[in-house]
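Residues in the sequence shown are numbered consecutively from 1240, following the numbering used here. Backbone N, C-alpha and C fix where the C-beta goes; we use that ideal spot for every residue, glycine too. Computed from a predicted model, the values in this text were never measured in an experiment.
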Amino acid sequence: EQVIHFETQTTRTEGAWLFGGNANLPSDVNFKWAKEVNDDFHARFNAHARSYEYKIHHHPVRSSLKTGYYLWEPRSLNIDDMRKAAAFLVGEHDFSCFRGSMCQAKSPIKTIEYLQIDEIDDDLIIKVKANAFLHHMVRNLVGTLLKIGREEESPEWMLSVLNSKDRKQAGPTAEPQGLYFIKAYYQTL
């Protein structure tokens, strides 16, 4: 669920914005609702939290239906170790170790509300909600969790990565397919 805002001098009902906007959008994009907001509202900066999911197809054979939508991981993974490592990231931390080189955030200190790893058949769904994210933060932490899941590192290694505040100490950046923005959360909307 993505929220956008725009400024206009045109006066229309919320229903007219909704139906008129959808009539001009491609078929794979649509508005679910429209609402007039205060002039100082900003869809990005007024959000007090955001959530993402990262989807991994965990099976020895690639799925043609999930290619491009999920990361394919054919190797064995220790999911319990991944969950133990993920628990170290919940709370307020300096996440510099997961910060992409193009990041423009003023501060690397963010608060992760939850980070859970769900198993559904042959898929892993990594769900994370935080007050804000750094550029590539989710993909970088997923790459680090996968390194732990492959038993290349222990769950406790996540603590040393986090405390290092050094991107070079973390795992590789996970591929973009599989990453989904789920929702922005607002006090008033």
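Exercise. Output the distance between the C-alpha atoms of Gly-1387 and Leu-1401, rounded to the nearest integer angstrom.
Key: Working through the sequence shown from its first residue, we reach residue 1387 at position 148. Working through the sequence shown from its first residue, we reach residue 1401 at position 162. The question names Gly, but residue 1387 in the sequence shown is Ile. Using only the alpha carbons, I get a separation of about 14 Å.
Self-check item: Range of the contiguous beta strand (DSSP E) that encloses Ala-1369
Solution: Position 130 of the sequence shown holds residue 1369. In this chain, the beta strand (DSSP E) harbouring Ala-1369 covers 1362 to 1369.
Self-check item: Alpha-carbon spacing of Gln-1408 relative to Asp-1320, whole angstroms
Solution: Numbered from 1 along the sequence shown, position 169 holds the residue referred to as residue 1408. Numbered from 1 along the sequence shown, position 81 holds the residue referred to as residue 1320. Distance between the alpha carbons of Gln-1408 and Asp-1320 is about 18 Å.
Quiz prompt | Same chain, Cβ closer than 7 Å to Pro-1394, neighbours up to 5 away in sequence not counted | solution = The residue labelled residue 1394 in the question sits at position 155 within the sequence shown. Excluding sequence neighbours, Pro-1394 sits near Asp-1320, Lys-1323, Ala-1324, Ile-1387.
Exercise. Identify, in the order they occur along the chain, each residue of the same chain with its Cβ nearer than 7 Å to the Cβ of Leu-1380, setting aside the five sequence neighbours on each side.
Key: As a working mapping, residue 1380 is identified with position 141 in the sequence shown. Residues Leu-1328, Phe-1337 of the same chain have their beta carbon placed closer than 7 Å to that of Leu-1380, with the five preceding and five following residues left out of the count.
Practice problem: Could you tell me which residues DSSP puts in a beta bridge with Ala-1288? | Solution: On the sequence shown, position 49 is the one that residue 1288 refers to. Ala-1288 is bridged by DSSP to Tyr-1424.
Quiz item: Can the beta-carbon of Tyr-1309 be found closer than 8 Å to that of Asp-1362?
Solution: Stepping through the sequence shown from its first residue, residue 1309 is reached at position 70. Stepping through the sequence shown from its first residue, residue 1362 is reached at position 123. The beta carbons of Tyr-1309 and Asp-1362 sit closer together than 8 Å.
Practice problem: Please work out which residues of its chain come closer than 6 Å, Cβ to Cβ, to Gly-1330, disregarding the five sequence neighbours upstream and downstream, and give them in chain order. | Solution: For this step, residue 1330 is matched to residue 91 along the sequence shown. None.
Exercise. Evaluate Tyr-1291 with the Cβ neighbour count: other Cβ atoms within 10 Å of its Cβ, from every protein chain shown; 16 or more gives buried, anything less gives exposed.
Key: Counted from its first residue, the sequence shown places residue 1291 at position 52. Burial call: buried.
Quiz prompt | Ile-1295, buried or exposed, once every other Cβ within 10 Å from all chains shown has been counted against 16 | solution = As a first step, residue 1295 is located in the sequence shown; it is residue number 56 there, counting from the start. Note on Ile-1295: 16 or more other CB atoms within 10 angstroms of its CB, so buried under the neighbour-count rule.
Quiz prompt | Residues of its chain near Lys-1422, where Cβ-Cβ distance is below 6 Å and the 5 sequence neighbours each way are ignored | solution = Here residue 1422 refers to the residue found at position 183 of the sequence shown. Here the set comprises Glu-1240, Ser-1290.
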